[in-house]
Amino acid sequence: MKAGELRGRLPIPIIPTMIDPFGRAITYLRVSVTDRCDLRCVYCMPETMRFLPKRDVLSLEETQRLCEAFIRLGVRKLRLTGGEPLVRRDVITLIRALGRRVGDGGLDELTLTTNGTQLARFAGDLAAAGMRRINVSIDSLDPDRFATITRGGDLPRVLDGVAAARAAGLAVKINMVALSGVNDGEYDRMLAWCGEAGLDLCLIETMPLGEIEGGRAGRYLSLAELRRDLETRWTLAPSDHVTGGPARYVRVAETGRRLGFITPMSHNFCEGCNRVRVTCTGTLYPCLGQEDAADLRAPLRASESDEVLEAAIRDAIARKPKGHDFVIDRADDGPSVSRHMSVTGG
Ligand code: SAM
Ligand code: SF4
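In the numbering used here, the protein residues as written are 18 to 363.
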């Protein structure tokens with residue numbers, strides 16, 4: 018039954034929605050709680066990444082207030098990200114507060130994207146706060162290659178984190194960025210491991226966000242091609258599973274697990290976009306792949322009332338562009354947008 022219809026004689030409250038100029042309802046918010054990270058993945062940021070001064074970053078209370086404003090305006094799903102969200106001091110207090118909104122029906126879902134380094138410590142708390150599923154980024158199951166891609170990451174520690182999350186009852190989806198010449202010998206192994214460990218897998222095309230050493234053209238791998246290759250060895254059955262995110266899913270018959278493809282480059286998915294992102298400084302990006310942004314920190318700090326803040330959010334949604342213009346090729350190997358993924362949040 019839809020909002021507004023009658024169940025028996027009781028009217029169901031109409032849930033407010035933000036509708037963008039292309040008729041898309043904005044119901045999904047990704048919030049970056051920090052730009053900092055304890056890893057330096059080669060495709061995400063340069064080795065010498067400079068992080069923001071702390072004074073520019075929203076307090077956890079401000080972040081919560083911001084999230085509450087979005088919930089009032091119709092957001093139903095919230096993902097915390099970064100940088101690495103679990104390195105933000107006291108982030109669990111924010112997670113508990115937002116988890117209560119799942120409990121009282123304000124949100125359908127609260128979730129998290131993490132690199133897993135701190136997961137063993139936090140898994141129980143996340144589950145207790147009302148989280149049901151999380152995404153963990155692992156681009157290689159080879160410890161040396163993992164350390165190279167992340168510039169120093171410790172794979173066993175991340176795998177312990179995944180095990181702790183499963184033990185705490187969290188569903189885990191692995192995010193793996195497909196990197197030509199780096200991890201392209203590993204897709205079969207990753208699919209098999211996810212099958213054994215009871216995890217879904219999501220493959221992601223590398224996107225041209227922010228300067229990195231060496232550019233991205235040599236590392237870009239089209240998932241359309243990779244899927245054709247996987248189909249020669251795995252039975253990929255169509256699946257109508259949707260998570261509210263950008264992935265398209267198949268079911269891997271041999272493992273029974275889902276496999277998702279996020280293909281911003283080879284198959285633009287903007288027509289169904291329901292998402293906006295807020296950085297840890299309170300900047301709202303209506304589109305991951307465009308520079309247009311709205312400052313929400315000033316209205317947030319200008320007044321204790323949320324009227325100005327909500328007006329600023331509505332204004333920005335009214336400007337949400339139709340889609341991104343990502344390009345990666347050897348003739349044009351610079352970033353399409355200047356900020357790194359760790360700033361906007363994945
Ligand atoms: N630190 C956390 C993590 O790694 O999961 C959360 C933030 S990270 C920016 C979120 C996701 O974005 C990760 O799965 C990461 O692999 C992905 N990512 C980062 N830079 C990317 C890029 N340029 N293109 C595609 N995916 C990227
Ligand atoms: Fe950190 Fe995540 Fe970026 Fe890797 S992808 S450097 S873990 S923010």
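Beta carbons are placed, not taken as given, at the ideal position from N, Cα and C, and that holds for glycine.
I need the DSSP call for Ala-195, collapsed to helix, strand or coil.
strand
Count the C-beta pairs between the region 267-287 and the region 307-317 that are closer than 8 angstroms, then say yes if the count reaches three, no if not.
no
Using beta-carbon positions only, say whether Ile-166 and Ser-157 come within less than 7 angstroms of one another.
In contact: Ile-166 and Ser-157 (Cβ atoms closer than 7 angstroms).
Using alpha carbons as the reference points, say which of Thr-80, Ile-88, Cys-290 lies closest to Lys-339.
For the residues Thr-80, Ile-88, Cys-290, the minimum Cα distance to Lys-339 belongs to Cys-290.
For Asp-217, count neighbouring Cβ atoms within 10 angstroms of its own Cβ and tell me buried if that reaches 16, exposed if not.
buried
Is Leu-111 near the ligand SAM - that is, is its Cβ less than 6 angstroms away from at least one heavy atom of it?
no
Quick check on DSSP: helix, strand or coil for Arg-57?
coil
From Gly-169 to Glu-78, what does the alpha carbon distance come to, in whole angstroms?
33 angstroms
Just checking Asn-132 against the ligand SAM - is the residue's beta carbon closer than 6 angstroms to any of the ligand's heavy atoms?
yes
Compute the Euclidean distance between the alpha carbons of Asp-82 and Thr-252, then round it to the nearest angstrom.
The sequence shown places Arg at residue 82, rather than the Asp named in the question. Those two C-alpha atoms are separated by around 46 angstroms.
Determine the DSSP secondary structure at Ile-43, reduced to helix, strand or coil.
strand
With a 10 Å radius around its C-beta and 16 neighbouring C-beta atoms as the bar for buried, classify Ala-329 as buried or exposed.
buried
When burial is assigned at 16 or more other CB atoms within 10 Å of the CB, is His-341 buried or exposed?
Around the C-beta of His-341, 16 or more other C-beta atoms lie within 10 Å, and the residue is accordingly described as buried.
From which residue to which residue does the alpha helix (DSSP H) around Asp-10 run?
A query on residue 10 cannot be resolved here, the shown segment of the chain reaching from 18 to 363 and no further.
Write down every uninterrupted run of the beta strand (DSSP E) in the region 206-246 whose length is 3 residues or greater and which is fully enclosed by it, in chain order.
Here the runs fully enclosed are 217-222.
Ile-36: buried (16+ other C-beta within 10 angstroms of its C-beta) or exposed?
exposed
Please report the distance separating the alpha-carbon of Leu-247 from that of Leu-220.
12 angstroms
Using CA coordinates, which residue listed in Thr-34, Arg-53, Thr-51 is at the minimum distance from Thr-44?
Per the Cα distances, Thr-34.
Which value, in whole angstroms, describes the spacing of the CA atoms of Asp-52 and Leu-90?
26 angstroms
Going by the CB atoms, is the gap between Gly-227 and Arg-356 shorter than 7 angstroms?
Arg-356 is a Cβ neighbour of Gly-227, given a cutoff of 7 angstroms.
Please state the DSSP three-state secondary structure of Arg-275.
strand
Would you tell me roughly how many angstroms separate the C-alpha atoms of Arg-265 and Ala-195, rounded to the nearest one?
15 angstroms
State buried or exposed for Glu-64, treating a residue as buried only when at least 16 other CB atoms are found within 10 Å of its CB.
exposed
Note down the Cα distance separating Arg-118 from Leu-124, rounded to an integer number of angstroms.
5 angstroms
Taking 7 angstroms as the limit between beta carbons, can you name the residues of its chain near Cys-287, skipping five residues before and five after?
Residues Lys-339, Gly-340, His-341 of the same chain have their beta carbon placed closer than 7 angstroms to that of Cys-287, with the five preceding and five following residues left out of the count.
Is any heavy atom of the ligand SAM found at a distance shorter than 6 angstroms from the C-beta of Val-50?
no
Tell me the DSSP secondary structure of Ile-36 in three-state form.
strand
Which whole-angstrom value is the C-beta distance of Tyr-237 and Thr-223, which I expect to be below 8 angstroms?
At roughly 6 angstroms, the Cβ-Cβ gap stays under 8 angstroms, so Tyr-237 and Thr-223 are in contact.
Give the DSSP bridge partners of Ala-311, in chain order.
Leu-301
Pull up the DSSP beta-bridge partners for Arg-118, would you.
BP columns for Arg-118 are empty, so no partner.
By DSSP's criteria, Tyr-266 is part of a beta bridge. Which residues make up the other side?
Gly-277
Apply the 10 Å Cβ neighbour rule to Lys-71 and answer buried if 16 or more other Cβ atoms are within range, or exposed otherwise.
Burial is judged here by how many other beta carbons sit within 10 angstroms of a residue's own beta carbon; Lys-71 has fewer than 16 and is exposed.
Nearest by alpha-carbon distance to Thr-364: which of Pro-263, Gly-262, Val-269 is it?
The question about residue 364 has no answer here: the residues shown for the chain are numbered 18 through 363.
In whole angstroms, what is the alpha-carbon distance linking Gly-198 and Met-62?
19 angstroms
Look at the alpha carbon of Leu-172 and the alpha carbon of Arg-105, and state the distance between them as a whole number of angstroms.
21 angstroms
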